[in-house]
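Those letters in the sequence shown? Residues 715 to 1082, per my numbering, in order. A virtual CB, placed ideally from N, CA and C, is assigned to each residue, including glycine. Only a predicted model underlies this, so the values are computations on that prediction, with no experimental measurement involved.
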Amino acid sequence: MGKKIEELVRPDIKKIASYVPGKPMEELQRALGINIERVVKLASNENPLGPSPKVVEAIKRCADKISRYPEGPGYYLKNKISEVFNQPDETIILGSGSSEIISMGMELFVNPGEEVIYPTPSFLIYKILVYKIGAVPVEVPLRDDFTYDMNMFLKKITPKTKLIILCNPNNPTGTIIYKQQIEEFMKQVPDDIIIISDEAYREYVDTEDFGTAYPYIYKKNVIITRTFSKIYGLAGLRIGFGIARKEIIEFMERIRPPFNTTIPAQEAAIAALDDQEHVKRSFQNNIKGRDYLYNAFNSLCIDYIPTQANFILCKIPNAVEIVRELEKRGIIIRCGIGAGPDYVRITIGTEKENALLIKNLKELLGVK
């Protein structure tokens, strides 16, 4: 045999570390022998209430169709998204999760050697996708309190800058870009730069001062990405969508993988959008759980970042050890998310799950 595989791999790819998701519940069952029914997963920002019952019924109804290829562009789901979000069908594209939309946007516009600007700490997939296309990653640190400094994004722009990613609300911090911030940023960013606004957690926002990129779809080269993995409870089906001007979507459709979203995923997403009561219940559960955890963290003297998402970034002494001990008790939270060695990200769960987490944290921290 000739060269080693490592010698044949593109240099850019060697810079990438594999994405490590929140630990699956099944892994605790395999590794520690804990009954999966007893495992509480608060690591991957999933909806603790699960999907709408209408979603489950929709999946059952379409089960006998899975021997057929799906309707590629997703006509009926696009139509439903258009109805709910008040956007024309031709401004919508579907993806296998919103991360595929982000990937398509980068592949469409960014040439090897051009720069992509994004925040840090943020969704770890951004750096992976930048290296995947041979581009140059340019990271913009959040402030010490993990809030956005939009002037820093503007200062990082060079003649090589092709695309800027904004994660709003940001993962893993839960912080947002405010209306005035996005307005000033959009005024100053050059017109030839593509802006991807990853708004996966938009449905959890409860402030009117949230700076969504929607008003700029027809003013700038903006692509907004949304997902059904979070408040809609469809993480296991991999379905998301993007919204942009018609001419941008037309080019994105040229590189969209054929049949990239399955029949069950499309049908489930339609059913999820049809059950806005379930969305409201999920939102209310999140607000209630957030406030409970805030109060509990205050009583435990645990520092945390106020959130506009369905998770809370906390600073816990000896975080790695605490995470390990929680797993032994059947509770999964997330560390190693780029915010610092003692930071953990905790998904807001059900009332019972949140109480169980706090009970065990008290015991591990030696608080009575």
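Closest Cα partner of residue i within the set the options
i: P886; options: S810, I910, S817, K1029; result: K1029
i: Y1057; options: E1035, K1042, E1077, N1074; result: E1035
i: Q894; options: G950, L1079, Y918, F924; result: F924
i: L868; options: V852, D859, P787; result: V852
i: A849; options: D863, F1011, M864, Y832; result: Y832
i: D920; options: I931, T889, K934, A927; result: T889
i: K774; options: P978, D726, E785, E720; result: P978
i: E917; options: S813, A1023, T861; result: A1023
i: N882; options: I969, L763, I937, K933; result: I937
i: S812; options: E913, I984, K728; result: E913
i: P826; options: Y930, N1068, K846; result: K846
i: E1067; options: L763, G716, K718, L722; result: L763
i: E1039; options: P1020, L1071, E1065; result: L1071
Identified DSSP bridge partners for residue i
i: D1017; result: K1029
i: I1046; result: K755
i: F924; result: Y892
Continuous alpha helix (DSSP H) stretch holding residue i: start and end
i: K901; result: 893-902
i: G819; result: 812-823
i: F799; result: 789-799
i: R744; result: 739-746
i: K728; result: 725-728
i: N865; result: 864-869
i: A772; result: 767-775
i: E720; result: 719-722
i: N1074; result: 1065-1079
Bounding residues of the beta strand (DSSP E) (the contiguous stretch that carries residue i)
i: K876; result: 875-881
i: E851; result: Note on identity: in this sequence residue 851 is Pro, with Glu being the wrong assignment. Element bounds for P851: 850-855.
i: S758; result: That residue, S758, is in no beta strand (DSSP E); it is neither H nor E in DSSP.
i: V936; result: 936-941
Whole-Å CB distance - residue i paired with residue j, under 8 Å assumed
i: I907; j: G819; result: Between G819 and I907 the Cβ distance is about 12 Å, and since that is not below 8 Å, they are no contact.
i: I816; j: L843; result: 6 Å
i: G954; j: G809; result: 5 Å
Under the three-state DSSP convention, the category residue i falls into
i: L808; result: strand
i: P833; result: strand
i: V1058; result: strand
i: R970; result: coil
i: S911; result: strand
i: I945; result: coil
i: F955; result: strand
i: S996; result: helix
i: I842; result: helix
i: G1003; result: helix
i: G950; result: helix
i: A986; result: helix
i: E1035; result: helix
i: E1041; result: helix
i: E785; result: coil
i: Q980; result: helix
i: Y706; result: With the chain represented from 715 up to 1082, any question about residue 706 goes unanswered, as that position is not in the structure.
i: A1010; result: helix
i: F965; result: helix
is_contact[residue i, chain D] using C-beta, thresh 7 Å
i: Q998; result: Of the protein chains in this structure there is only one, and it is not chain D.
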